[in-house]
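Using full-length UniProt numbering, the letters of the sequence shown map in sequence onto residues 1 to 175. Have a look at the structure below before the remarks.
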Amino acid sequence: MANYHRIWCPGGTYFFTVNLLQRSGNDLLVRHVDALREVVLHVQRRHPFLIHAWVVLPDHLHCVIELPAADADFARRWHLIKSDFSKRIPKNEVRSAIRLKRGERGIWQRRYWEHLIRDEWDFAAHCNYVHINPLKHGLVTQVKDWPYSTFHRWVLQGDYPLNWAGSDELPDYQD
Numbered sequence: 001m002a003n004y005h006r007i008w009c010p011g012g013t014y015f016f017t018v019n020l021l022q023r024s025g026n027d028l029l030v031r032h033v034d035a036l037r038e039v040v041l042h043v044q045r046r047h048p049f050l051i052h053a054w055v056v057l058p059d060h061l062h063c064v065i066e067l068p069a070a071d072a073d074f075a076r077r078w079h080l081i082k083s084d085f086s087k088r089i090p091k092n093e094v095r096s097a098i099r100l101k102r103g104e105r106g107i108w109q110r111r112y113w114e115h116l117i118r119d120e121w122d123f124a125a126h127c128n129y130v131h132i133n134p135l136k137h138g139l140v141t142q143v144k145d146w147p148y149s150t151f152h153r154w155v156l157q158g159d160y161p162l163n164w165a166g167s168d169e170l171p172d173y174q175d
């Protein structure tokens with residue numbers, strides 16, 4: 001088993017990938033996107049963080065967030081977002097015996113991917129990755145057509161043209 005080490009950096013900017021437990025054919029996050037938005041805003045008010053980039057896909061989400069200067073506790077924020085969201089949606093998912101025994105929902109994967117942003121290039125690459133993800137997954141033919149993304153805010157700020165990544169060729173930073 002891999003030995004994962006989280007990097008706790010007060011005031012750090014992080015990229016995250018958070019997945020549903022059942023990904024295949026699951027559209028839970030976009031179906032309940034309003035509940036997810038409310039939960040994120042509620043957690044953000046209690047435990048501040050700055051959202052640089054965010055995209056919600058049917059079965060997972062990606063984001064780049066920045067923590068306050070003296071705070072490195074992204075784990076608390078994700079625990080609250082995941083648990084509060086789970087409380088807001090109907091209990092109709094299949095749960096394993098272990099999750100039933102622990103009183104857990106069967107909505108989220110227990111872990112998430114996190115990456116500490118190192119520099120401006122890393123920041124730009126991860127924000128681009130966040131915003132191009134709906135196109136990468138074949139959900140749209142142009143990034144501008146995906147409604148659950150901060151891409152639209154970036155366009156209004158002048159950071160992207162409206163037709164960014166709207167051609168048949170994906171930019172070099174895809175993975």
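We put the beta carbon where it would ideally sit given N, CA and C, even for glycine. Predicted, not measured: the structure shown is a model, and the values here were computed from it.
Exposed unless 16 or more other CB atoms sit within 10 angstroms - verdict on residue i
i: H137; result: exposed
i: residue 185; result: No information on residue 185 is available, as it lies outside the stretch 1 to 175 that the chain covers here.
i: T141; result: exposed
i: V94; result: exposed
i: H79; result: exposed
Pair within 8 Å by beta-carbon distance, residue i and residue j
i: residue 190; j: L20; result: Nothing can be reported for residue 190: it is not among the residues displayed for the chain, which extend from 1 to 175.
i: F85; j: Y14; result: no
i: V55; j: N133; result: yes
i: C63; j: F123; result: no
Own chain, CB closer than 6 Å to residue i, minus 5 neighbours either side, in chain order
i: P48; result: P68
i: F151; result: H131, V143
Local conformation of residue i per DSSP, three classes
i: E114; result: strand
i: V56; result: strand
i: S149; result: strand
i: L29; result: helix
One or two residues paired with residue i in a DSSP bridge
i: E66; result: T13, L50
i: N133; result: Looking at the DSSP assignment, N133 forms no beta bridge with any residue, so it has no partner.
i: T108; result: Sequence inspection shows Trp at residue 108; the Thr mentioned does not correspond to that position. W108 is bridged to L20.
Residues of its chain near residue i, where Cβ-Cβ distance is below 8 Å and the 5 sequence neighbours each way are ignored
i: N26; result: L20, P58, D59
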